[in-house]
Amino acid sequence: MRSLALLFSLISLMALMPGPVDLRIDEWPVPWENSRPRDPYVGPDGHVWFVGQRADYAAYLVPETGEFKRYDLEAGAGPHNLIVDDEGYVWYAGNRAAHIGKLDPRDGSIVKYPMPDPAARDPHTLVFDAAGDIWFTVQGGNFVGKFTRSDEAVDLIAVPTPRARPYGIVIAPDGRPWIALFGTNKLAVVDPEAMTLEEVVLPREEARPRRLGVTSDGAVWYVDYAGGYLGRYDPETKRSRSG
């Protein structure tokens, strides 16, 4: 049970200040053992949502009470992550069932949006853009995709490098999605108007970027999973550094 708690910990940090910093860690054991809880996301009501990848569920924690509530998905869905919109709908990546799902927590109903290409078998990580549309990666299928909510259209962009394994994805302040190509030493960026993708080669040939973030100045920070480095790429100067 302790290991389950460690998989689902929320950490409250005070602002960095000189001298000692008080740190408090609260832990909640997830009640469904061996379900691989992952990718927590705080909804608009403060509930902490997460998926159980091995047990095909979405669930939330109420931090104030410690209450958990679970919603079972279809068998074999293999959800990898989820995000929650402003209306409270929960969107999840059906990683083993080639769909994006929309869960209504009010009645438990689910609408599934299948991938238009059978090669896009494993939707992986979802993220909202400023308009509320969903960009996502397809790791094994080697795509980056967009789900437009107004017409429920799914558009896919093939990554040029074979077996690039698009993994983490974030939206920059200028609206462009940036992607970590985990099977390579590359990042990728999408022009959302033209729906074209450009690859960016990182200087360390052995680098394997997995997750990434974008700061307010537009700099792209990434984790080099293979080397244990934190890297920074500046889209303005097109220069990278890691250490």
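Counting from 1493, one number per residue, gives the positions in the sequence shown under our numbering.
Idealized CB from N, CA, C, for every residue including glycine.
For Y1717, which of helix, strand or coil comes out of DSSP? Position 225 of the sequence shown, counting from 1, holds the residue named residue 1717. Y1717: coil per DSSP, three-state reduction.
Using DSSP bridges, identify the partner residues of H1591. For the purposes of this step, residue 1591 is identified with residue 99 of the sequence shown, where counting begins at 1. For H1591, the beta-bridge partners assigned by DSSP are G1586, P1606.
Would you identify the three-state DSSP class for G1600, choosing helix, strand or coil? For the purposes of this step, residue 1600 is taken as the residue at position 108 of the sequence shown. Note: G1600 maps to coil in three-state DSSP.
State the beta-bridge partners of A1612 as determined by DSSP. Along the sequence shown, one-based indexing puts residue 1612 at 120. In DSSP, A1612 forms no bridge with anything.
Assuming contact is defined by CB atoms lying nearer than 8 Å, are P1658 and V1706 in contact in what I supplied? As a position in the sequence shown, residue 1658 is number 166, starting the count at 1. As a position in the sequence shown, residue 1706 is number 214, starting the count at 1. No, the pair does not count as a contact, with Cβ atoms beyond the cut-off.
Going by Cα to Cα distance, which pick from R1696, L1694, G1667, E1697 is closest to D1683? As a first step, residue 1683 is located in the sequence shown; it is residue number 191 there, counting from the start. With distances taken between Cα atoms, D1683 lies closest to G1667.
Just reading off the beta strand (DSSP E) that R1530 is part of, what are its end residues? Reading the sequence shown from its first residue, position 38 is the one you call residue 1530. Bounds of the beta strand (DSSP E) holding R1530 are 1529-1534.
Sort out for me which residues DSSP pairs R1700 with in a bridge. Along the sequence shown, read from residue 1 onward, the residue named residue 1700 stands at position 208. According to DSSP, which records beta bridges pairwise, R1700 is partnered with nothing at all.
Kindly indicate which three-state DSSP category L1565 falls into: helix, strand or coil? Indexing the sequence shown from 1 puts residue 1565 at position 73. L1565: coil per DSSP, three-state reduction.
Residues in the same chain with beta-carbon distance under 7 Å from P1523, minus the five sequence neighbours each way, listed in chain order, please. Working through the sequence shown from its first residue, we reach residue 1523 at position 31. Excluding sequence neighbours, P1523 sits near F1560.
How should P1610 be labelled, buried or exposed, when 16 other C-beta atoms within 10 angstroms of its C-beta is the threshold for buried? Translated into positions along the sequence shown, residue 1610 becomes position 118. Its Cβ having fewer than 16 others within 10 Å, P1610 is exposed.
H1727 to D1599, Cα distance in whole Å? Position 235 of the sequence shown, counting from 1, holds the residue named residue 1727. Position 107 of the sequence shown, counting from 1, holds the residue named residue 1599. The sequence given here has Pro at residue 1727, not His. Cα to Cα, the separation comes out at about 44 Å.
If you run the structure through DSSP and keep just helix, strand and coil, what is R1516? Sequence index remark: in the sequence shown, residue 1516 carries index 24 (1-based). DSSP places R1516 within a strand segment (E or B) once states are collapsed to three.
Helix, strand or coil, according to DSSP, for P1669 in the structure here? Position 177 of the sequence shown holds residue 1669. Residue state, collapsed to three classes: strand.
Using the Cβ count rule (16 or more neighbours within 10 Å means buried), how would you classify D1716? The residue you call residue 1716 lines up with position 224 of the sequence shown. Looking at its Cβ environment, which holds 16 or more other Cβ atoms inside 10 Å, D1716 is buried.
Return the bridge partner residues of F1628 from the DSSP annotation. Working through the sequence shown from its first residue, we reach residue 1628 at position 136. Bridge partners of F1628: L1618, G1637.
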